[in-house]
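Undergrad: Residue numbers (our numbering): 85 to 335.
#1: With distances taken Cα to Cα, identify the nearest neighbour of residue 88 among 219, 249 and 117.
#2: Cα separation between residue 313 and residue 285?
#3: Near residue 124, what residues of its chain come up, given a Cβ to Cβ distance below 6 Å and the 5 sequence neighbours on each side ignored?
#4: Is residue 277 near residue 331, with beta carbons less than 9 Å apart?
#5: Give a yes or no on whether the C-beta atoms belonging to residue 137 and residue 269 are separated by under 9 Å.
#6: Report the start-end ranges of each beta strand (DSSP E) in the segment 111-177 that is 3 residues or longer and not cut off at the edges.
#7: Assuming the contact rule is C-beta atoms closer than 8 Å, residue 294 and residue 184 should be a hit. Round their C-beta distance to whole Å, please.
#8: Do the CB positions of residue 311 and residue 222 come within less than 9 Å of each other?
#9: By alpha-carbon positions, which one of 191, 224, 115 and 156 ends up nearest to residue 204?
#10: Considering only the beta carbon of each residue, do residue 107 and residue 121 sit closer than 9 Å?
#11: Name the DSSP bridge partner or partners of residue 222?
#12: If you follow the beta strand (DSSP E) that residue 205 is in, where does it begin and where does it stop?
#13: Bridge partners of residue 109, per DSSP?
#14: Which same chain residues, not among the five before or five after residue 172, have their C-beta less than 7 Å away from its C-beta?
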């Protein structure tokens, strides 16, 4: 794993007991190997959706200090001018039209504005239902991308209906109901906040995918497909497509 994960899991273990316990770290120059405690096979079911939602709310409710914010800072949530220019050049080299790239840059600027106005919390930042592991207790695994950001990034990620291969056991409406019961950010919740969280995730993914491609880590070209999907989701305003039936009349 990336060496940053060693630092992150050390912080997360301190503030969030439901994270996997780190047993041993073997550091190398650019990477590290982390040995975690073995919790046995997971028997997570749809009926655990409420417990998982409460666990996510507990994570988001943790009080964050300036120190934690700095230590968990993520380059994938820097939607600034340097990032926009780097992304612009990347898509030009891929052969995208200038009009398409211009729209992408505007969407990134809009996501940056939204991010600065959202409440902040510790977020998992790569959340699917299968990241929750249940044996005796429920744990939340895989903290590679943990950072401080909008809690609605996590919430919009786990509730997307196109991730059903990883969220197939999740009762989405129950999860949302229970999360809002326990989260201190329930007062901030709205369809608009969820939509902005969704587009922030799109921008984060684009930044991550472009980095993977530059490092020639394309998984036999699969990352190019993911990049195209994220680009289209962002520039074609596809939010509604992924949350059919979830919000009802929520504004």
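Ideal Cβ placement from N, Cα and C applies to all residues, glycine included.
Note that the structure is a prediction, hence the values are computed from the model and not measured.
TA: On the basis of the coordinates in this document:
#1: Considering only alpha carbons, the answer is 117.
#2: 12 Å
#3: 219
#4: no
#5: No, the pair does not count as a contact, with Cβ atoms beyond the cut-off.
#6: The qualifying runs are 116-120.
#7: About 15 Å; that fails the 8 Å criterion.
#8: no
#9: 156
#10: yes
#11: 218
#12: 205-207
#13: 118
#14: 185 and 189
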